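The structure appears below as C-alpha cells.
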Amino acid sequence: MASPLSLNDAQRAAVNHPAGPVLVLAGAGSGKTRVLTQRIARLLGEGTRPEAVLAFTFTNRAAREMRERIERTVGDAAARLWMGTFHGTGLRILRREVRNLGPATRHPDFVIYDREDQEKVLDEVLKRLAIPAEGARGPILSRISDAKNALVTTEEMANAAIAPFERRAAEAYRVYQETLRDRGAFDFDDLIAEVVWLFRRRPEIAEAYARRFEQVLVDEYQDTNHAQFRLVEALGRGYGNVFVVGDDDQMVFSWRGADLRNVLDFESAFPGAALIRLEQNYRSTGNILAAANAVIANNRDRKGKTLWSEREEGALLRFVLARDENDEARRIAAFIQGRARRDGGRLADCAVLYRTHAQSRAIETELRHRGMAYELVGGVSFYQRREVKDLLAYLRLAINPADATAFWRVLNTPRRGLGDALKARIEARLVAGAPHPLAALGQVLSAREITRGAEAAASFVGLIDELAARAAEPPAGLLATVVERIGYLTWLEGQEGSDERRANVEELMAAAAEFAAVNADAGLASYLSEAALLTDADRIEEGADRVLLLTAHNAKGLEFPAVIVAGLEEGLFPHAQSQQSPAELEEERRLFYVAVTRAQDEVLLSAAAFRHRYTAGSGFTAAGGQVSRFVDEIPGHLLERDQPVRARPSEEYGSDRDSADEHGADRGRNGGGMPVAWIPQRRSRAVGREVYHEEFGRGVVVAVEGSGGEARYTVRFGTRIKKILGRFLSEGSHVD
DNA sequence: TTGACGTATCTTTTT
DNA sequence: GATACGTCAA
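First residue of the first sequence? That's 72 in this note's numbering, and the numbers climb one at a time after it.
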C-alpha cells in the first residue's frame with residue numbers, strides 16, 4: 072500500500088490509544104492494516120506478552136501478512152501471537168479443549184466438514200426423515216448455517232418453528248447435528264458457535280481465556296456475525312481491550328450472517344468505547360475516490376464518512392460496452408495488454424473483478440488465446456477438487472474411523488468392485504449396533520458375509536489400519552502410500568482431464584511436504600484441519616507476473632494499480648437475486664464500492680450488451696439487459712465512455728420482434744440504468760421461428776447449434792427451455 | 001456391476 | 001455448459 076512515511080494524526084491516535092474498547096472506522100485504503108500491525112508492535116514493544124494478544128483477520132493470507140510485518144519490528148515473538156481467522160482461532164480453542172467438549176463431538180481427532188461433506192450428510196438426513204430433497208437441500212443448509220451464526224441451538228429452533236419449512240429445517244438441523252457428532256465432525260459454522268456454547272456451558276473455561284487475552288483485535292469487523300461478536304465479547308471481557316477496525320461501507324457478507332449492528336451498536340455493547348475515523352485514503356487517485364464516494368453516497372444505511380486523498384486526480388475511469396461476453400473479454404485483454412506495453416507495466420498490476428465465478432470463463436479463454444498469464448482465484452478451490460478430497464478422505468478415515476462421510480466416499484474409489492451388495496451388509500451391521508461403517512465392514516469380513524469383493528475389501532481395511540498405525544508420520548509419506556497402494560494415478564489415466572488431476576495430486580503431495588517442513592511436530596489432524604480451512608485466496612502467489620481473476624468478494628483487502636470491473640449489467644451486478652429489497656441492493660452497491668476502491672491508478676468498467684447466462688426458471692438463455700445503475704451513479708465528468716453503441720435498426724434482429732424482451736429476463740424491470748443495444752451474434756435464420764413438438768407443443772426457437780439434420784435447437788415452450796434435435800421438430804407457422 | 005445415456009439442477013457471493 | 005444422479009442395457 073502507498074502508505075505515508077509516518078502516521079497521520081488519526082492513525083497515530085489509533086495506534087497509541089492506551090486501553091479500553093476502540094472502534095476504528097477505517098475507509099478503504101486508509102491504512103488500517105498499518106494501524107493494526109503498528110498497534111500490535113507497540114504493545115509488544117511495551118512489554119505485552121505475544122501469547123496474550125489475540126487478533127482476528129478475515130483471511131489466512133491477511134493473518135500471514137500481518138504476522139510477517141510485525142515480525143520485522145519485533146522479531147520471533149510474532150510467532151507466538153494468536154493471530155488468524157475466526158474459524159482458525161475457533162478450531163485452535165476447540166482442539167485445546169477437546170476433552171471438555173462434552174456433547175459437541177464424540178471424537179478427539181475431530182475433522183472439519185466442508186460444504187460438499189455437509190451436503191452429503193444433509194442428503195442422508197433428509198432421506199432418513201423422508202423429507203423430499205429436491206430444492207430443499209440448499210435452503211435447509213443455509214437455514215442451519217443461519218441458526219449457528221445466530222447461536223440458535225437445535226432445541227431453540229425446534230421450539231420456535233411454526234411454518235412448515237421451518238419445522239422441517241429444525242428437524243433436519245437436529246438430526247444433522249447428531250450425525251456430525253457421531254462422525255466426529257464439525258462444519259465451518261461449528262468452529263465458532265461451539266466455542267461460544269462451550270463457554271456458556273463452562274464459564275470457568277471462558278474465564279480462563281478472558282484472563283489470558285489482554286488484547287483482542289479484530290480486522291474487517293463490519294463482516295462479523297452474531298456468533299463472532301459473542302466470541303469477541305467473551306474473549307475481550309477480561310481486560311476490556313477490544314480494538315476493532317471496520318468500514319460499514321464495505322460490509323458485503325450479510326448473507327453469511329454479517330450484522331452491521333455489531334458496528335453500529337459497538338459503543339453501547341462496550342461502554343466507554345472510543346471512536347476513531349480514518350478518512351484519508353492513500354491508495355487511489357482523486358478521480359477514482361470521487362467516483363467511489365459518489366456511488367456509495369446513494370446508500371442510506373451507513374454511518375457516513377467522506378474519504379479524501381492528497382493524490383493527484385489521475386486518469387478518468389473508463390467504461391466500455393461490449394457486444395457480448397466474448398467481446399468484453401477481448402476488450403479487457405486488450406486493455407491489459409495495451410497498458411503493459413505502453414507503460415512497461417506488469418500483468419500483475421491488473422486484476423479483473425466480477426460478480427460471479429461463471430464470468431471468468433470467457434475472460435480465461437481470451438487470455439489463454441493471447442498467451443497472457445493469469446491466475447484464477449476461487450471457483451472450485453484446490454482442496455475441494457475431487458482427486459484431492461479422495462486422497463484426503465483416506466487420511467481422514469485413518470485418524471477418525473467414525474468419519475462415515477469419508478468412508479462412503481472412498482470405499483469404492485477407485486473402483487474395486489465394492490457395490491450395493493456390500494453396502495447393504497454394512498448398513499445392516501450399523502443398524503445392529505456397529506459404531507461406524509469401518510467397524511461394520513470389519514464385522515462383515517470376519518463373518519465372511521461376502522465372497523465377491525472380500526479380498527478387495529480386506530485390503531482396503533488393511534490400508535486404513537496401516538495409515539492409522541502410522542498417523543504420527545509426516546502426511547506427505549502417508550499420501551504417497553495411499554496413492555501407490557490404491558493405484559490412484561493409474562486409475563486417473565482413463566478419466567476426463569487426467570493430466571490436470573495428476574498434476575493436482577502431485578501438487579497436493581508437494582504442499583503436504585511443505586506443511587511438514589513448516590510445522591515439524593504437527594500431526595495428521597492439524598494437517599487435515601489446515602487443508603480444510605485454506606482457501607484459494609490464501610494461495611495467491613506473490614511475485615508472479617500474471618493477471619488476477621477473482622470475484623469482488625475475494626478481492627477484499629487487496630489492491631492493484633489497475634482494476635477492471637466486468638459484467639456491469641443490471642441483473643448481474645447488481646445481481647438479480649439482490650434486487651428484491653433495498654437492503655440487498657445496498658449490499659451490492661457496497662460490493663461495487665469495494666471493487667472500485669481496490670484500484671490505485673486506473674479503473675476500467677465493462678458491460679456486455681448481450682450475455683449468455685443461466686437464469687433460474689428459464690434455463691440457459693441469452694439475456695440482454697441494461698448497463699448497471701452503478702455506472703450511471705458515477706458523475707459524468709469522471710467517466711470516459713468508449714464508443715457509445717446505439718441500437719441498430721430492427722431488421723438486424725431478424726424477421727420478427729423477438730428481441731431482448733423475449734430473451735432477456737431482466738430488461739426494464741427496475742428503472743435506472745441506460746438502455747443498451749442488443750446485438751445478437753451469429754443468429755441463425757431459424758431463430759424466432761415457431762415450431763411444434765409432439766410432447767411439448769408449440770414453441771419458439773431461441774438458438775441453433777450445428778446444421779443440417781444434426782442441428783440442435785434450443786426452443787422455448789412457454790416458460791421452459793429445451794434443447795431438441797431438429798428432426799423432432801416440425802415447422803409451426805412461418806414468420807418470414 | 002459397470003458404463004452409456006438422458007435428465008434435472010445448478011450459480012451469487014465464502015470460511 | 002457441466003455435473004451429478006437415475007435408468008437402462010450389456
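C-beta atoms are modelled at their ideal positions from N, C-alpha and C, and glycine is treated no differently.
Keep in mind the model is a prediction, meaning the values are calculated, not measured.
Residue range of the unbroken beta strand (DSSP E) whose run includes residue i
i, result
"V553", "Unbroken run through V553 is the alpha helix (DSSP H), P546 to R556; no beta strand (DSSP E)."
"A234", "No beta strand (DSSP E) contains A234, which DSSP labels as neither H nor E."
"V423", "C421 to Y425"
"A529", "Per DSSP, A529 belongs to no beta strand (DSSP E); it is in the alpha helix (DSSP H), A525 to A540."
"D258", "A256 to D258"
"V287", "Q286 to V289"
"E446", "Y445 to L447"
"A633", "F631 to V636"
Bridge partners - residue i, DSSP secondary structure assignment
i, result
"R389", "L675 and E711"
"V316", "V95"
"H646", "G642 and L643"
"Y454", "Paired residues: none, contrary to the question."
"D395", "F681"
"L621", "L424"
"N296", "A329"
"A670", "F631"
Bounding residues of the alpha helix (DSSP H) (the contiguous stretch that carries residue i)
i, result
"E265", "D261 to R272"
"R214", "R208 to N220"
"P508", "P508 to S517"
"L579", "S569 to V589"
"A602", "L595 to L604"
"A85", "D80 to N87"
"N700", "One detail in the question is off: residue 700 reads as Arg in this sequence, not Asn. Residues R700 to D703."
"R496", "D491 to V502"
Same chain, Cβ closer than 8 Å to residue i, neighbours up to 5 away in sequence not counted
i, result
"A298", "K219, N220, A221, L222, D260, I263, A264, V267 and G328"
"R252", "P174, A175, T176 and R177"
"W379", "E350, Q351, N352 and L360"
"V589", "none"
"A279", "none"
"A363", "A99, S355, L378, Y664, V667 and T668"
"N575", "F453, R456, E458 and V459"
"G311", "A90, G91, P92 and F341"
Burial state of residue i, where buried means 16 or more other Cβ atoms lie within 10 Å
i, result
"Q651", "exposed"
"K103", "buried"
"P645", "buried"
"E384", "exposed"
"G317", "buried"
"S677", "buried"
"D80", "exposed"
"V853", "The first residue shown for the chain is 72 and the last is 807, placing residue 853 beyond what the model contains."
"S77", "exposed"
"T692", "Caution is warranted here: a pLDDT of 46 is assigned to T692, below 50, making its placement in the model unreliable, and no coordinate value can be reported."
"D194", "exposed"
"A654", "exposed"
"G504", "exposed"
"A400", "buried"
"T356", "buried"
"I407", "buried"
"E526", "exposed"
"Q671", "buried"
Sequence-distant residues of the same chain with beta carbon closer than 6 Å to residue i, five excluded per side
i, result
"T295", "N333"
"P508", "A475, F478 and I497"
"L662", "V323 and A623"
"E556", "First, the amino acid is wrong: residue 556 is Arg here, not Glu. The answer, listed in chain order, is L534."
"N471", "H178, D180, V182 and G255"
"M137", "T108"
"L229", "According to the sequence displayed, residue 229 carries Ala and not Leu. So the qualifying residues of the chain are A241."
"Y421", "First, the amino acid is wrong: residue 421 is Cys here, not Tyr. Around C421: I407, V618 and A633."
Residues of its chain near residue i, where Cβ-Cβ distance is below 7 Å and the 5 sequence neighbours each way are ignored
i, result
"D616", "R417, L418, A419 and A444"
"L512", "I497, A528 and V532"
"A464", "A477, R480 and V481"
"K376", "L96, G98, R348 and E350"
"G116", "V145"
Practice prompt. Taking only runs that begin and end inside the segment 106-185, name each unbroken alpha helix (DSSP H) of 4 or more residues, in chain order.
Written response: 131-145 and 157-167
Fill in: Within the segment 333-388, ranges of the alpha helix (DSSP H) (whole runs, at least 4 residues)
337-340 and 357-367
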